[in-house]
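Residue numbering for the sequence shown follows this note's numbering, starting at 75 and increasing by one per position.
Don't be surprised by glycine CBs; every beta carbon is placed ideally from N, CA and C.
Working notes for the structure below.
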Amino acid sequence: MSQLKKCTVIKSVLLLAALCTATVVQAAGVGTVTHLSGPLLAKKANGSVRVLGMKSAVEPGDTLSTQNKSYAQIKFSDGSALILQPDTVLTIDKFSYDAAKPSADNIAYTLVQGGVRANAGLLGKRSKDSVQMVTPMANISMQAASVVVQYVKPDEEAVAAAREAYLLASTAVLDVAMQATRSDMPAPAAIQPLMLAQINIPLPTGLTPKATGSTPPLPPGLYVQVIDGLINVTNKGGAQTFAPGQFGFTPTPIQAPVIVPKNPALQFTPPPAFSLPPPVTTGQNAPKSNAVDCEVR
75 MSQLKKCTVI KSVLLLAALC TATVVQAAGV GTVTHLSGPL LAKKANGSVR
125 VLGMKSAVEP GDTLSTQNKS YAQIKFSDGS ALILQPDTVL TIDKFSYDAA
175 KPSADNIAYT LVQGGVRANA GLLGKRSKDS VQMVTPMANI SMQAASVVVQ
225 YVKPDEEAVA AAREAYLLAS TAVLDVAMQA TRSDMPAPAA IQPLMLAQIN
275 IPLPTGLTPK ATGSTPPLPP GLYVQVIDGL INVTNKGGAQ TFAPGQFGFT
325 PTPIQAPVIV PKNPALQFTP PPAFSLPPPV TTGQNAPKSN AVDCEVR
């Protein structure tokens, strides 16, 4: 009877160990921190926060944030890479890559603030429509491109002023519509000019981010610089494709992206030690992490 109990206990321990191992495999990271020049935090959906170090793993659902003067480079399992500039917040929404299952390819990021340089990997090269970056101004189809993306947030005063201008334009539309019902003027014809006015609401002058040192501030909005490949930027105002060497600007979520003739003074200068990975090759394994992260709950 004693031997039976011992056997049962041993089996239970082995089963528990197997379950724990399976859990670890499922939670394996999809990317690894390869370069750091300052603090890098990863916030989980449950609110816990990890301080990442070199060779730390990143996982789907992580919201990464760099601090002042801190750059971070992440290399992913398909050979793609991201470099985050200082004061950047980016969420890895989805990362699904299996060399044997192209149909399951899916990468999705959300850029909350700041800027990144993205370098395509195997997934982007074989499934060009499966790499997306969501920003407050527009969605970017990254395809197989190397691109710099920077989102400059408007300050609170600018947001309030734009909201007030929108409400005033909306009130004017309603007023014109009421007048149109008492005249022979068609309501849609009366409303259309003011609807267009709402789309092109300029931010008040002076309400832009403060300059850093001798660098002039960039107006709020979304900026892109294509280094290689093609990207497509889309929002409620329209869509625009950008080719290598082109720069783009999207001022608001309801104004279409536009090509700008020259560099609008984008600043993206990681330390010299940072370097993007060489062209990816097949047969690469997912990066493994043996670093110990600090976790804050």
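Handout entry: Unbroken stretches of the alpha helix (DSSP H), 4 residues or longer, contained in the region 183-239
Key = 196-200
Problem - Collapsed DSSP secondary structure at S139 in the structure displayed - result: strand
Practice task
Count the other C-beta atoms from every protein chain shown that fall within 10 angstroms of the C-beta of G311, then say buried if there are 16 or more, exposed otherwise.
Solution key: buried
Exercise for the section: Would you identify the three-state DSSP class for A174, choosing helix, strand or coil? Expected result: coil
Handout entry: Pair within 7 Å by beta-carbon distance, L196 and Y183
Key = no
Practice task
Would you kindly check if the distance between the Cβ of I181 and the Cβ of V205 is under 7 Å?
Solution key: yes
Exercise for the section: Keeping to the same chain, check which residues put their C-beta closer than 7 Å to that of P276; ignore five residues upstream and five downstream. Expected result: Low confidence applies here, because P276 scores a pLDDT of 42, under 50, leaving its location unreliable; read the following figure in that light. Within the same chain, P276 has no close Cβ partners at all.
Practice task
Taking only the alpha-carbon atoms, compute the straight-line gap between P299 and N337 and give it to the nearest angstrom.
Solution key: Per the sequence shown, the amino acid found at residue 299 is Gln instead of Pro. Rounded to the nearest angstrom, the two C-alpha atoms are 8 Å apart.
Practice task
Could you tell me which residues DSSP puts in a beta bridge with F323?
Solution key: Y297 and V332
Handout entry: Start-to-end residues for the beta strand (DSSP E) that takes in T156
Key = Just to set this straight, residue 156 is Leu in the shown sequence, not Thr. Taken as a continuous stretch (DSSP letters only), the beta strand (DSSP E) holding L156 covers A155 to L158.
Problem - Beta bridge counterpart(s) of V307 as assigned by DSSP - result: I214 and Q314
Handout entry: Three-way DSSP call (helix, strand, coil) for V125 in this model
Key = strand
Problem - Own chain, CB closer than 6 Å to Q314, minus 5 neighbours either side, in chain order - result: V307 and P331
Problem - Beta bridge counterpart(s) of Q147 as assigned by DSSP - result: H109 and I157
Exercise for the section: Can you grab the Cα-Cα spacing for the pair A116 / I157, in whole Å? Expected result: 15 Å
Practice task
Look at the alpha carbon of Y225 and the alpha carbon of L296, and state the distance between them as a whole number of angstroms.
Solution key: 5 Å
Exercise for the section: Taking the CB atoms as reference points, tell me whether G322 and I333 lie closer together than 7 Å. Expected result: yes
Problem - Chain-order list of residues whose beta-carbon lies under 6 Å from that of G135 (same chain, five-residue window excluded) - result: A119
Handout entry: Burial state of G211, where buried means 16 or more other Cβ atoms lie within 10 Å
Key = With the sequence shown as reference, residue 211 is identified as Met, and Gly is not the correct amino acid for it. M211 should be labelled buried.
Practice task
Taking the CB atoms as reference points, tell me whether I214 and I305 lie closer together than 7 Å.
Solution key: yes
Exercise for the section: Return the first residue and the last residue of the beta strand (DSSP E) that A116 is part of. Expected result: L114 to K117
Problem - Sub-7 Å separation of S220 and I301 beta-carbons - result: yes
Practice task
Can you grab the Cα-Cα spacing for the pair R200 / G303, in whole Å?
Solution key: 13 Å
Handout entry: Sub-7 Å separation of Q141 and G112 beta-carbons
Key = yes
Practice task
Answer yes or no: do F342 and Q217 have a C-beta to C-beta separation smaller than 7 Å?
Solution key: no
Exercise for the section: For V125, count neighbouring Cβ atoms within 10 angstroms of its own Cβ and tell me buried if that reaches 16, exposed if not. Expected result: exposed
Exercise for the section: Whole angstroms is fine: what's the gap from A339's alpha carbon to P291's? Expected result: 9 Å
Exercise for the section: Leaving aside the five residues before and after A347 along the sequence, list all residues of the same chain whose C-beta is less than 7 Å from its C-beta, in chain order. Expected result: H109
Exercise for the section: With DSSP as the reference, label V104 as helix, strand or coil. Expected result: coil
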